[in-house]
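**Q**
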Amino acid sequence: MKEKRRVKELYHKPLIVHRNGKVFLIQDHDPYGHLAQKLTDFADMIKIPEGVSTFELSSYALWSAAAKGYNAKNLCSFLKDNACNTLDSTLESMILQNMRQYNSLKLFRHGKYLALQAVRPEIILEILKDKPLEKKVVKKINDCTLLFNASEKVELKKQLFKKEFFAIDSTNEMGKELDINLLNITRRGQEFKLRDYQIQAARAFLDNKDKAGGGGIVIMPPRSGKTFVGFEIIGNLKLNTLIITENHSSATSWKEEVLDKTDLAEESILLYNSNQQGLEPITITTYPYLSANSEAFEHLAAQEWGLIIYDDAHKLPAKKNMATADIPSKYKLALAATLARSDEQGTLVYALIGPKWYEILPQTLRGLGYLSNIDCAEVKVPLSEKAKEEYTYIEMNGNDHKALRKVAAENDKKKEALVHLIKPQKRTAIASYYKELAKQIGQDYQIDYVTGEINPKIRLNLVEKFNTEEINCLVFTLVGEQFNLQNLDVLIAISYQGGSAREEYLRLGKLMEVNKKGTNGWFFSIISTETLEESDYKGRRRSLINYGYRFKILELKDLEEGEIIS
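The number in my numbering is simply the position in the sequence shown, starting from 1, with 690 added.
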């Protein structure tokens, strides 16, 4: 009887913990998502489709947990208490080994060199077994310390990360003080108050920042207010700040928000580009500008920054952007909706910046009422006769994938689907990767469109007109990703950047903010069947399913036969 009771109790526990570090969470045993959220403290969220969520006890997630104060014994006890299987001893050893890594390696300046110091000689011996790392050593000072050229810091961190070594970077400089305060009433006359989870994210960074060399990561879904977390941190540190963003639109948005929500004078906030190359207490620039302009990069790198904010931090591991992690600063903050990258190098942000101090899941924010529920549908349409001929010709004459994707994107049958999805009473945004297609749709349906070729002031004016409900529909390209489109009911994706899962997530993110009606959002992706576009979309759809979104599969006839959007 006792054995039966024990078996029954086991199967009512929510976790299955595999010896390889994978943690499976049975969602029926975690209806409010509290345990899923708890797991983000020491594990990476891999996927959260309906039924079973998957997390991973990766080396960098465990290192982050140790930096936050977790110890291996308590973490293993937590897993045992919540698992319906027995924790494997090899997994316990792996957890202990990885968490022991925290604070075992430090980087510091040694004259003109970079010193790597270990707490135990065996760590240095292990590092020297790696030939690429050994070749970079300038000198071995003692059994626990190696010297490297200072210019090798980013590459050294990268190589150590590959070997699952994490070095605390103590080379950071002290920045200049900045008198800045957040406003309770913005300059636009609106109340400004951070949400509880935004305060928690800022506090997680501020409370832990000195435990790992001043750097750290905050991961939050789109439309959850990462920028405001950055403001709270700037307001507390009160140090001169460099902000690096994905593109000019995002940089402009940061400047407008800083000006609106802080007491800093406009002349103290600078957009750093080819037209403006001075320096101000808050300087904002972009990854593309710094990667293309070595002189501008060197100018910024010569300053003593107090804080650098890496917005859209998934961009950081790109080869052309990685050097920005070497710009000196006392503190470094990486903000991201996701670290996912097509080259699977997103986790390098841990090595370049520091531990993950905070992550909040989309379903947690949906449960709190801060993000809306979204209905997703893939609408499959056949190629038109003209498009089919062109597609077949390209397949038989070189099979140029770029050209094939463009034909699939510009398929006229997609416009037939659009007719059924655009509703005058629904606030609708249409996303297109291809600029010419965006312009064509705008002209055909008499809808305003936002592309990179349009004057920035006109772009901002169109977004403002949409947000004030002067217009009800807007077409946008890549440049529109960074704009906040308020009270959106429907988003229709009509062309795509290959299989980019991140593009799909950011598009969906425009619907995440709760609209004033409190209704569900609708997300439609129109796909040309039997094309590369359809193959690409399988991965994009899977990535959203892994974030917990459910998809309907519709055909053109379904739109023609019935009302899809109520």
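Glycine residues also receive a C-beta, built at the ideal position from the N, C-alpha and C atoms.
Just to confirm, are Leu836 and Lys830 a CB contact at a threshold of 8 angstroms?
**A** yes
**Q** Using only the alpha-carbon positions, how far apart do Thr1037 and Ala1030 sit?
**A** 8 angstroms
**Q** In this structure, what does DSSP give as the bridge partners for Thr1118?
**A** Cys1163 and Val1180
**Q** Roughly how many whole angstroms lie between the Cα atoms of Ala992 and Glu1171?
**A** 32 angstroms
**Q** Please report the residue range of the alpha helix (DSSP H) in which Gly996 lies.
**A** Run containing Gly996: none in the alpha helix (DSSP H); it sits in the beta strand (DSSP E), Trp995 to Tyr1000.
**Q** Could you pull out every residue in the same chain whose Cβ sits closer than 7 angstroms to the Cβ of Ile814, ignoring the five residues on either side in sequence?
**A** Ala808, Asp833, Cys834 and Leu836
**Q** Just the C-alpha distance for Arg1056 and Ser1062, rounded to the nearest angstrom, thanks.
**A** 6 angstroms
**Q** To the nearest angstrom, report how far apart Met1012 and Asp731 are at their CA atoms.
**A** Distance from the CA of Met1012 to the CA of Asp731, rounded to the nearest whole angstrom, comes to 26 angstroms.
**Q** Excluding the five sequence neighbours on either side, which residues of its own chain have a C-beta within less than 6 angstroms of the C-beta of Ser1215, listed in chain order?
**A** Glu1068 and Ala1183
**Q** I need the straight-line Cα distance from Lys883 to Gln787, nearest angstrom please.
**A** Answer to the nearest angstrom: the Cα atoms are 42 angstroms apart.
**Q** Which class does Ile1050 belong to by DSSP, given the choice of helix, strand or coil?
**A** coil
**Q** Let's test the definition: count the other Cβ atoms within 10 Å of the Cβ of Val742 and tell me whether it reaches 16, buried, or not, exposed.
**A** exposed
**Q** Compute the beta-carbon to beta-carbon distance between Leu795 and Ala857, rounded to the nearest angstrom, for a pair I have assumed lies under 8 angstroms.
**A** 4 angstroms
**Q** Alpha helix (DSSP H) containing Gly920: first to last residue?
**A** Lys916 to Leu927
**Q** Put Cys834 into one of helix, strand or coil per three-state DSSP.
**A** coil
**Q** Whole angstroms is fine: what's the gap from Ser1122's alpha carbon to Val1140's?
**A** 10 angstroms
**Q** Look at the Cβ atom of Ala1024, then the Cβ atom of Ala1003, and state whether they are nearer than 8 angstroms.
**A** Contact flag set, yes.
**Q** Out of curiosity, what's the CA-to-CA distance linking Leu868 and Ser943?
**A** 21 angstroms
**Q** Could you check if Lys899 belongs to the surroundings of the ligand FAD, using beta carbon to heavy atom distance under 7 angstroms?
**A** The ligand FAD is absent from the structure shown, which contains no ligands of any kind.
**Q** For His800, write down the residues that DSSP places opposite it in a beta bridge.
**A** Tyr803, per the DSSP bridge assignment.
**Q** Taking Ala1026 as the reference, which of Ser1032, Ile1050 and Ser1019 has the closest Cα?
**A** Ile1050
**Q** Using alpha carbons as the reference points, say which of Pro721, Thr1209 and Gln849 lies closest to Lys821.
**A** Ranked by how close their Cα comes to the Cα of Lys821, the residues Pro721, Thr1209 and Gln849 have Gln849 in first place.
**Q** By the DSSP assignment, the beta strand (DSSP E) with Ala1026 in it spans what residues?
**A** Ser1019 to Ala1026
**Q** In whole angstroms, give me the CA-to-CA distance for Phe1156 and Pro1146.
**A** 15 angstroms
**Q** Name the DSSP beta bridge partners of Leu729, please?
**A** Within the DSSP secondary-structure output, Leu729 pairs in no beta bridge.
**Q** Going by C-alpha to C-alpha distance, which of Lys1207, Pro1052 and Asn710 sits closest to Asp778?
**A** Asn710
**Q** For the beta strand (DSSP E) containing Ala1067, list its first residue and its last residue.
**A** Ile1064 to Val1071
**Q** My parser needs the alpha helix (DSSP H) runs of 4 or more residues fully inside the stretch 768 to 797; what are they?
**A** 779 to 790
**Q** Rounded to whole angstroms, what is the Cα-Cα separation between Leu806 and Asn793?
**A** Going by C-alpha positions, Leu806 is about 12 angstroms away from Asn793.
**Q** Taking the straight line between their C-alpha atoms, what separation do you get for Lys916 and Ser1218?
**A** The alpha-carbon separation between Lys916 and Ser1218 amounts to approximately 35 angstroms.
**Q** Would you identify the three-state DSSP class for Ile1235, choosing helix, strand or coil?
**A** helix
**Q** If you draw a straight line from the alpha carbon of Tyr1060 to that of His724, how long is it in whole angstroms?
**A** 16 angstroms
**Q** Could you say if the stretch 959 to 979 and the stretch 924 to 942 meet the contact criterion of at least three C-beta pairs nearer than 8 angstroms?
**A** A contact between stretches requires three or more CB pairs, one per stretch, nearer than 8 angstroms, and the stretch 959 to 979 meets this requirement with the stretch 924 to 942.
**Q** May I ask you to report which of helix, strand or coil DSSP gives Asp977?
**A** The question names Asp, but residue 977 is Tyr in the sequence shown. Helix, per DSSP.
**Q** Short of 6 angstroms in beta carbon distance, which residues of its chain neighbour Gln1133, apart from the five on each side in sequence? Order them along the chain.
**A** none
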